[in-house]
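In the numbering used here, the protein residues as written are 8 to 1067.
Don't be surprised by glycine CBs; every beta carbon is placed ideally from N, CA and C.
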């Protein structure tokens, strides 16, 4: 029995003709109108005229996805070619019939001429034909081949609102409904033998199956059926519907598989679309592509931005229709460029302040740059060296990066005043840009920023678009204020007006072949003219709001051999083209200096703490080489300082009141100061003097100093401080500077705390503070700004950058200043681990918890005595050799819920149970060589003990009520004690087990809590204690005095230790 599939505007349903129940396939839709299905692929397609989308889903309602999401206005008809896997649709808003693959790719405008309001569409894939109705001023029904050829009108009389259309494949007829004439009619497929079948109130859509017609009716809000030959036997299938729209019969007979696929298995040999006709097939190109042979297409199209979208117009097809590139989150696109090598389109967005790219078909969309941009208005691609150039009218900069956004650097930042468009000439090595500022001008420079020169500075107002004509060696520009398009030689000479009339507001400008193309804001049009004379003007598209930049995408950019082509010009990072004879320049990303060889960049690294993620990280200044160096044992790391000379990183932790140090990679971490700290904050270093300085926000705020090894600690200032935030050491001036957000001051003192003086007051809420040359720089939370002032007087305050929410720390980098001598010398001061400076020289130190040996140079790999404990997601140790008692994480991977553990001192292995994974594992004390010992047959392993003499492993399993044993590698596993055989009535929970001599001891949390003992083979089991116990957890043996100690945790009062 067939199933009727119909759209109901807000949902899509299935109903059986002779049953009352229906199945809701998809709901919560906006305005579903047209509908079709692909029976073999089990897909349903529908159009939504509110969202202007074509969607698809599985026939079970799952996997809803967009197929066509752009360039639609009123897609009222939809049809699926189930043989050639194509999707056809009509759009009465754009007056087009389009076709695409089932996933929406290779979209093509098939028919656009002499169409007014195309509505219903039906396919005959076996014959290679399509049929459609048109609601225009001359209503009609037409057909053509599925490649758009052989178009004919088959009915154009006595029609008004021809809505639904369906084909009776077996009867070789077509049926349609006319809502104005209230009738269902039929005719042969060529339009002959036309006949009215049924008169109706307001039919909308129709389908046929065997001898029956089924249709939807807007007036009665129902689905009805009748005999297709006589119109008799009418009945209501379903009524009281919301708003029944399109309808289809969901049955394999409606999509017979017997039809021949004219395109075969290889898509007919076509590179893009294979469209059948009544004889064979035609290879076709998506809109914007040109056929270069009978089977292949070449893309060449006009590319333009329209703020909310980016579109293309084909040069090589007659329709000149624009096609929206399906991109996400385009809010205010301004500048465009392209790179045919990788098929990328690039654009700037001045709403999101970002630069993005995607393939010309909309795939592979990604953000290239989205930081430190304010109004990126110009964009240019160097297709030779794969560089991206852009102007920013907000920051007044010209920048460059690789086309993927890496290795970004500022090229020009001085004497720019609202730079706008930019073009590059890789052939000559020049770049050109317009400037909209108080003195409008057009400038040029080498693409490496060398040889900057103003070439046009008069009779300019709003110079917008720029374009280079390589053939005539001319520079073209559009001026929206002067209302002209002009050109000049590349040096600014021989300036002439090309077009000086009927240009209300030209914006974007580009050249291709003999034509010049431009967009006009006020005329809302894309126009072109002869580039030499300005004559032969024509309008390509009009009635287009918010037109911005324009370019021609093609594959004929001239190949250029440059010095950058070979081994990147010998440059370690950026190789930028320059005019001859120089040819190129090696350049470094922002913040990295070029070395004296003129080719190599020495990339520094930036270190930062994240108190939310509780980690310290680092990365190269270009954002690469990111890594976390400290990920455990942190709470609130408010202060951070790098000793670039000694290759150490220091930090304060307000949460645990510690000052720590480690190597730059986070290794050999050591707690330096832990006593008498109360919210330490900023920290600064003076390696040459061997001192570190820090501020403390505690109840008695203060500023302290100590050796960089933690020695010789002393308070420098402890009065009239509130929230001492930023801290900086002025080595040249031998002074200490700090910012206080509570007293609203920036102050200074000698390095010993004497001669304290106020530099600036009031300062609203200073936070970070740094020093460079003769200036101090600071961040301010309240003003959201970075400020600068003279370091000695506090005068000459200027605003460096405003509008920076979330400002925190700030550091000045001066790569040109030599680092100075390392106090630890070339061989780490002879220290086996840490070498830390102090005022007298240096001292050797060991990582946290490890004592320095008597030679004062070397350290053991681990503490001699320590506590090892589990904390669910971690295993940690606390050394008993040192007095700081800091817990150190053992870096064992993949810890989830560690309960019990033990240590084998013979092999130096930690054994532990993880009840989340139900495994027993072991690892070295440094966290390496983790392996699973027991990985099956465990439920809740709460207790674990290592027999270091016989090399066995014992464990309790609360879930299975067993005690088991195995070799240390997990082999020879055996159940020693199984309480199911002991007929115990209460549930037993076994916790920690340890042994002495030939005994095994364990605690039991059961109905009657107890402590038991057995031989190591499980024999001679004996209850030792079964009174005055609650939840006996921990258990250990005092081997020296041979007594057992148990600790109860549930009585609420202190329990005595039991010795035995």
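Looking at the strands, I want to know which residues DSSP matches up with residue i.
i: residue 883; result: 876 and 896
i: residue 250; result: Answer by DSSP bridge pairing: none, since residue 250 is not bridged.
i: residue 311; result: 318 and 557
i: residue 139; result: 128 and 149
i: residue 451; result: 439 and 460
i: residue 742; result: 737 and 757
i: residue 938; result: 929
i: residue 845; result: 848
i: residue 255; result: 12
i: residue 1146; result: In this structure the chain extends from 8 to 1067, so residue 1146 is not present and cannot be described.
i: residue 702; result: 710
i: residue 591; result: 584
Given a cut-off of 7 Å on the beta-carbon distance, is the pair residue i and residue j in contact?
i: residue 235; j: residue 215; result: yes
i: residue 769; j: residue 751; result: yes
i: residue 767; j: residue 729; result: no
i: residue 39; j: residue 51; result: no
i: residue 864; j: residue 851; result: yes
i: residue 467; j: residue 475; result: no
i: residue 9; j: residue 258; result: yes
i: residue 429; j: residue 440; result: yes
i: residue 723; j: residue 710; result: yes
i: residue 662; j: residue 637; result: no
i: residue 395; j: residue 379; result: no
i: residue 56; j: residue 81; result: yes
i: residue 902; j: residue 560; result: no
i: residue 972; j: residue 986; result: no
i: residue 463; j: residue 499; result: yes
i: residue 185; j: residue 167; result: yes
i: residue 545; j: residue 535; result: yes
i: residue 715; j: residue 697; result: yes
i: residue 495; j: residue 501; result: yes
In or out: residue i buried (at least 16 other Cβ within 10 Å) or exposed?
i: residue 633; result: exposed
i: residue 371; result: exposed
i: residue 761; result: exposed
i: residue 62; result: buried
i: residue 812; result: exposed
i: residue 1041; result: exposed
i: residue 907; result: buried
i: residue 538; result: buried
i: residue 725; result: exposed
i: residue 956; result: exposed
i: residue 988; result: Low per-residue confidence applies at residue 988: pLDDT is 34, beneath 50, and the placement is therefore not dependable, though the value from the model is reported in the following sentence. Exposed, since its Cβ has fewer than 16 Cβ neighbours within 10 Å.
i: residue 511; result: exposed
i: residue 170; result: buried
i: residue 990; result: A caution first: residue 990 carries a pLDDT of 29, below 50, which makes its placement in the model unreliable, though a value can still be read off. Residue 990 should be labelled exposed.
i: residue 113; result: buried
i: residue 717; result: buried
i: residue 656; result: buried
i: residue 886; result: buried
Our contact map puts residue i next to residue j with C-beta atoms below 8 Å; I'd like the distance itself, whole angstroms only.
i: residue 115; j: residue 280; result: 6 Å
i: residue 1023; j: residue 1044; result: 13 Å between Cβ atoms; not a contact.
i: residue 497; j: residue 480; result: 5 Å
i: residue 284; j: residue 135; result: 5 Å
i: residue 317; j: residue 341; result: Their Cβ separation, rounded to whole angstroms, is 11 Å, which puts residue 317 and residue 341 out of contact at 8 Å.
i: residue 712; j: residue 700; result: 5 Å
i: residue 581; j: residue 595; result: 7 Å
i: residue 547; j: residue 320; result: 6 Å
i: residue 89; j: residue 25; result: Not really, about 26 Å apart at Cβ, beyond 8 Å.
If you measure from the CB of residue i, is any heavy atom of the ligand GTP nearer than 6 Å?
i: residue 435; result: By its list of ligands, the structure shown contains no ligand whatsoever, and the ligand GTP lies outside what it can speak to.
Problem set entry | Inter-stretch contact (C-beta, 8 Å, three-pair minimum) for the segment 642 to 652 and the segment 612 to 622 | yes
Exercise. Just checking, does the segment 962 to 978 make contact with the segment 921 to 940 on the three C-beta pairs under 8 Å criterion?
Worked result: yes
Exercise. Counting Cβ pairs, one atom from each stretch, are 3 or more of them under 8 Å apart for the segment 159 to 166 and the segment 114 to 130?
Worked result: no
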